[in-house]
Amino acid sequence: MLIDDRSGSISQADLMDLLRVARGWLDTPAGVMLLQSQQVVIEEALQRCFGQHLVQYGLAPSLLDGSQEVLRNRWHFDLIAEPPAMPLQEDQWPFAAQSLDVVLLHHGLDFCLSPRTLLREASQAVRAGGHIIILGFNPWSSWGLNHFAGRSWLSEAGFVSPARLADWLEVLGFAVEKRINGCYRPPLATQKWLDRTVFLERFGERHNLPVGGFYCLIARRQMYGVTPRKQPARAFPALNLPPLTVGTRRTQKRKSE
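So that you can map any letter, position 255 of the sequence shown is 1539 in our numbering, and since no number is skipped, the others follow by simple counting.
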């Protein structure tokens, strides 16, 4: 079932069960491949960001463990709230408006009740000039084929189109700075078959093809300038000049002689 934009398309209990199944899948060869590729991409993305406060929301609690590019203050929230994560309702983020420097949604839109609601709450917490980094499953990939064919838990994940997501971000006042694609190999069950298809990974990365299993959008909140206040014109005092004498320069010179 494709999770659409309407709240209630999947129940809260089913969503939490789906998230547990997906986290268990991360220990498989395909899941390890996914996390390793995404950790490289996230480190590259964080090099564009600056500030002190980062919030991570999504699939893998240990995604940023060991990363050297993490901002000073970091919090991890999700629905299940297993340590070290903290509970968070997707429609009620406990942050003041424009109080965070970076928000990282690691497949958060793929595992939620309403992608638009979650994106709106996350974007409101990002300050002007701050970044939102979104990783999601690409529906236009071999992973998307498993999704539409109804295979495994991938059939229940969100798979929000990156083009649609870019439109949502523009409405919320963000500009997409870069898109990174990854995982061009299909999510095969064994490491043996993943090794045999490594040439797909090399070819896709070399040409940055938009058909990777996941995408990463790096978007920055726009800083709108303030219209300068119009300054009143400076008033100069009137000058009292002597009256001009009628005549040309030649006659004036003759009179002076």
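Cβ atoms here follow ideal geometry from the backbone N, Cα and C, with glycine treated the same way.
Legend entry - Contacting residues, own chain, Cβ-Cβ under 6 Å from C1396 (five flanking each side not counted): Taking C1396 as the centre and dropping the five residues before and after it, the same chain places the C-beta of E1374 and L1402 closer than 6 Å to its C-beta, in chain order.
Inset, instruction - Return the chain-ordered list of same chain residues with a C-beta closer than 8 Å to the C-beta of V1386, the five sequence neighbours on each side being excluded. - result: L1330, C1333, G1335, H1337, L1338, V1339, L1355, V1410, G1414, H1415, I1416 and I1417
Inset, instruction - Work out the CA separation of D1479 and Q1506 for me, nearest whole Å. - result: 42 Å
Inset, instruction - Please report how far the alpha carbon of W1427 lies from the alpha carbon of R1469, in whole angstroms. - result: For W1427 and R1469, the gap between their C-alpha atoms comes out near 9 Å.
Inset, instruction - Could you have a look at D1349 and say whether DSSP puts it in helix, strand or coil? - result: coil
Inset, instruction - Determine the burial state of L1271: buried for a count of at least 16 other Cβ atoms within 10 Å of its Cβ, exposed for fewer. - result: Here the chain has residues from 1285 to 1541 only, and residue 1271 is not among them.
Inset, instruction - Would you kindly report the start and end of the unbroken alpha helix (DSSP H) that includes A1406? - result: P1399 to Q1408
Legend entry - the stretch 1493-1501 in contact with the stretch 1459-1469 per 3-pair CB rule at 8 Å: yes
Inset, instruction - Output the distance between the C-alpha atoms of L1347 and Q1323, rounded to the nearest integer angstrom. - result: Distance between the alpha carbons of L1347 and Q1323 is about 7 Å.
Legend entry - Cβ neighbour criterion (16 or more within 10 Å) applied to P1423: buried
Legend entry - Close-in-space but distant-in-sequence residues of the same chain around V1444 (CB under 6 Å, 5 per side omitted): L1393, P1399 and G1420
Inset, instruction - Check whether the Cβ atoms of V1305 and W1452 lie closer than 8 Å to each other. - result: No, Cβ-Cβ distance for V1305 and W1452 is not below 8 Å.
Legend entry - For L1472 and Q1320, the rounded distance between their alpha carbons: 16 Å
Inset, instruction - Output the residue ranges of the beta strand (DSSP E) runs that lie fully inside the stretch 1415-1489 and measure 3 residues or longer, sorted by chain position. - result: 1458-1466
Legend entry - H1337 - DSSP class collapsed to helix/strand/coil: strand
Inset, instruction - Tell me N1549's beta-bridge partners as DSSP assigns them. - result: Here the chain has residues from 1285 to 1541 only, and residue 1549 is not among them.
Legend entry - Presumed contact (8 Å Cβ cut-off) between H1360 and P1368, rounded CB distance: 6 Å
Legend entry - Rounded straight-line distance, which links the Cα of A1412 to that of F1458: Each residue's alpha carbon lies about 9 Å from the other.
Legend entry - Secondary structure of P1313, DSSP reduced to three states: helix
Legend entry - Endpoints, the beta strand (DSSP E) within which C1500 is located: F1498 to R1505
Legend entry - Residue from E1461, F1498, L1389 and E1366 with nearest C-alpha to S1425: Of the residues E1461, F1498, L1389 and E1366, the one whose Cα lies closest to the Cα of S1425 is F1498.
Inset, instruction - Below 6 Å CB to CB, which residues in the same chain sit around W1309 once its five sequence neighbours on both sides are set aside? - result: Sequence-distant Cβ neighbours of W1309 in its own chain, meaning closer than 6 Å and more than five residues away, are G1315.
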